[in-house]
Amino acid sequence: MNKKAADGKPITSKRWAGRFLQLKLRPLHSANIGLLGLALFCHLASAATVISPPDLPPLAKVNAALDNHLMVLNAHSTLKLEQANQLKWNSGNYEFTLRAGVGQRQMVYLGKSFQEYDVAIERPLRLPNKVGIDQDIGAASVAHADFALGDAHHEAGRLLLHFWFAWLREQAQVGLWQQQANILAQQVEVVDKRVKAGDAPKLELNLARAAHAQAQVSLQQASLRAQMAANDLQQQFPAIPLPDEVVLQIPQAIDESYTVWQARIMNDNHELGMAQTQAQVQQLLAQRSRADQLPDPTVGLNYSSSSYPNYIGGNEIVTGVYLTVPIPSGARSATAQSVEQQANIAADQAEFVKHRLQNDIYAAYYHAVRSYDTYQQAHEAAVAIRENAELMGKAYRLGESSLSDSLSARRIAQEATLAENLAQLEANEARYRLLLDGHQLWSHDENEP
2 MNKKAADGKP ITSKRWAGRF LQLKLRPLHS ANIGLLGLAL FCHLASAATV
52 ISPPDLPPLA KVNAALDNHL MVLNAHSTLK LEQANQLKWN SGNYEFTLRA
102 GVGQRQMVYL GKSFQEYDVA IERPLRLPNK VGIDQDIGAA SVAHADFALG
152 DAHHEAGRLL LHFWFAWLRE QAQVGLWQQQ ANILAQQVEV VDKRVKAGDA
202 PKLELNLARA AHAQAQVSLQ QASLRAQMAA NDLQQQFPAI PLPDEVVLQI
252 PQAIDESYTV WQARIMNDNH ELGMAQTQAQ VQQLLAQRSR ADQLPDPTVG
302 LNYSSSSYPN YIGGNEIVTG VYLTVPIPSG ARSATAQSVE QQANIAADQA
352 EFVKHRLQND IYAAYYHAVR SYDTYQQAHE AAVAIRENAE LMGKAYRLGE
402 SSLSDSLSAR RIAQEATLAE NLAQLEANEA RYRLLLDGHQ LWSHDENEP
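Number 450 marks the last residue of the sequence shown (the working numbering); no jumps.
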């Protein structure tokens with residue numbers, strides 16, 4: 002998706018680079034160069050091929066659903082807020098103050114009063130180093146909001162993937178139980194014919210009908226779970242259509258090493274970017290607080306006028322310039338120390354997020370690898386068990402096996418097929434989750450030039 006700034010223009014990788022170059026071009030604040038490198042690498046690295054598998058919703062629908070999710074909308078509003086705040090940081094909080102007064106001077110020895118007028122205009126002035134720091138704070142805050150928007154899109158994608166596969170699991174079970182119920186209904190017909198022909202006792206017909214009834218109950222339960230899962234998905238993502246038929250994609254193996262995936266995800270991670278830009282903002286605020294220990298001066302111009310008779314001097318006009326400087330107290334030093342500790346906390350939090358993400362990547366990668374292996378084993382087992390169930394069914398129809406053996410084989414085959422389908426969906430979801438984290442699936446930067 003293309004994010005848009007307050008001016009309505011797309012926030013592309015080039016605009017990201019421009020933002021951070023503003024930080025870089027001020028030599029007094031070179032600490033931001035590391036932030037520049039992070040943003041450039043993260044958003045240029047996302048040019049990798051983005052896939053659109055057939056067992057997932059259409060990409061256009063996904064983009065629309067994610068763009069309109071509350072998390073993304075809220076993050077987009079936050080970005081606009083920080084862009085407005087950036088203007089405040091750039092312009093500063095100081096304003097011109099106009100003072101005007103009128104007075105009456107009493108000259109007792111003359112027994113007369115004379116009018117006096119004065120007017121002054123003044124404004125506090127930010128010291129030059131503070132201007133640069135404030136501009137850096139505004140730019141870093143916008144960068145943090147940009148990362149937050151990307152992270153919100155990513156988290157919404159994770160949520161969609163979770164609800165989609167939750168619905169797929171239940172819907173797949175509906176299909177399997179429907180198939181099982183149909184097979185058992187045919188089994189009832191076969192047994193009924195054999196009972197009428199005198200080739201089987203009525204007890205077998207009761208067993209066949211009971212097995213069919215149990216399958217119908219399981220079908221109804223699966224249908225209810227599928228309905229609940231569909232409602233959960235539609236409540237969160239109403240733009241996502243539910244297909245009439247479930248497509249089960251054959252899982253693919255993870256063909257790249259853990260080291261490759263770790264580097265790919267860590268080098269293009271919005272959550273890490275959020276934590277690091279937040280630490281950068283706090284460092285700049287600490288730098289600003291240290292600079293604030295030297296107060297900003299206030300410069301003013303004043304003009305006053307008095308009207309007197311000529312015999313005592315005539316009219317008087319006074320113009321001047323004045324300067325006021327607050328005398329700092331210990332409160333400024335204490336504030337600087339407090340903000341410095343907040344910067345240390347933010348830096349520690351960024352490091353914590355980095356280590357947690359490394360653990361999450363490890364878990365996601367090996368979950369995907371092991372899920373594929375599990376599916377392979379479940380598939381091989383299910384194929385063999387289904388073949389056995391077919392043989393037992395033929396044996397019963399030929400009178401070479403009992404109905405209980407045939408029903409037992411059919412039940413075991415159903416359980417094996419359910420396990421196979423669940424393993425198949427688990428493997429696909431784990432792989433898509435890894436692709437999503439690596440920005441190769443539903444990437445918010447996929448349409449950028």
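Even glycine gets a Cβ: it sits at the ideal position worked out from N, Cα and C. As the structure is a prediction and not an experimental result, all values here were calculated from the model.
Listed in chain order, the non-local C-beta contacts of Gln263 below 8 Å within the same chain comprise Gln359, Ile362, Tyr363, Tyr366, local neighbours out to five positions each way being set aside. Restricting attention to Leu57, Arg289, Gln187, the CA atom closest to the CA of Gln250 is found in Leu57.
Taking C-beta atoms as the reference points, Ala76 and Leu160 fail to come closer than 8 Å.
The shortest C-alpha to C-alpha distance from Arg291 to any of Ala335, Gln253, Tyr433, Tyr259 is the one to Ala335.
Burial check for Asn429: the Cβ neighbour count within 10 Å reaches 16 or more, so the residue is buried. Membership of Leu324 in any alpha helix (DSSP H) is not indicated; the residue belongs instead to the beta strand (DSSP E) covering 317-325. Three or more beta-carbon pairs drawn from the stretch 167-178 and the stretch 214-234 are found closer than 8 Å, and the two stretches are therefore classed as touching.
Setting aside the 5 residues that flank it on each side, Lys62 is surrounded in the same chain by Ala240, Ile241, Pro242, each with a C-beta closer than 7 Å to its C-beta; the list follows chain order.
Rounded to whole angstroms, the Cβ separation of Asp297 and Leu126 is 6 Å, and the two are in contact under 8 Å.
With a contact defined as Cβ atoms closer than 8 Å, Ala379 and Ala280 miss out at about 45 Å.
Contact between the stretch 113-129 and the stretch 90-102 is present, with at least three C-beta pairs closer than 8 Å. Around the C-beta of Ile255, 16 or more other C-beta atoms lie within 10 Å, and the residue is accordingly described as buried. Per the C-alpha coordinates, the member of Leu399, Leu437, Gln105 positioned closest to Tyr118 is Gln105. Unbroken alpha helix (DSSP H) stretches of 4 residues or longer found wholly inside the stretch 58-98: 60-68, 71-92, given in chain order. Beta bridge pairing from DSSP links Met267 with no other residue.
Around the C-beta of Gln283, 16 or more other C-beta atoms lie within 10 Å, and the residue is accordingly described as buried. Take Ala209, set aside five residues on each side of it, and the residues of its chain with a beta-carbon closer than 6 Å to its own are Gln188, Val189, Val192, in chain order. With a minimum length of 3 residues, there is no unbroken run of beta strand (DSSP E) contained wholly in the stretch 172-246. Contact between Ala212 and Leu408 holds, since their C-beta atoms are separated by about 5 Å, short of 8 Å. When rounded, the separation of the alpha-carbon atoms in Gln116 and Ile318 is 13 Å.
Within the same chain, and ignoring the five residues on either side of Leu295 in sequence, the residues whose Cβ sits closer than 8 Å to its Cβ are Leu128, Pro329. CA-CA distance, Ser372 to Gln415, rounds to 21 Å.
A straight-line Cα-Cα distance of about 19 Å links Pro59 and Ala431. If you look at Arg124, you'll find it in the beta strand (DSSP E) that goes 113-125. Boundaries of the beta strand (DSSP E) harbouring Ser306: 299-307, taken from the DSSP string.
Per the DSSP secondary-structure output, Gln107 pairs in a beta bridge with Ser114.
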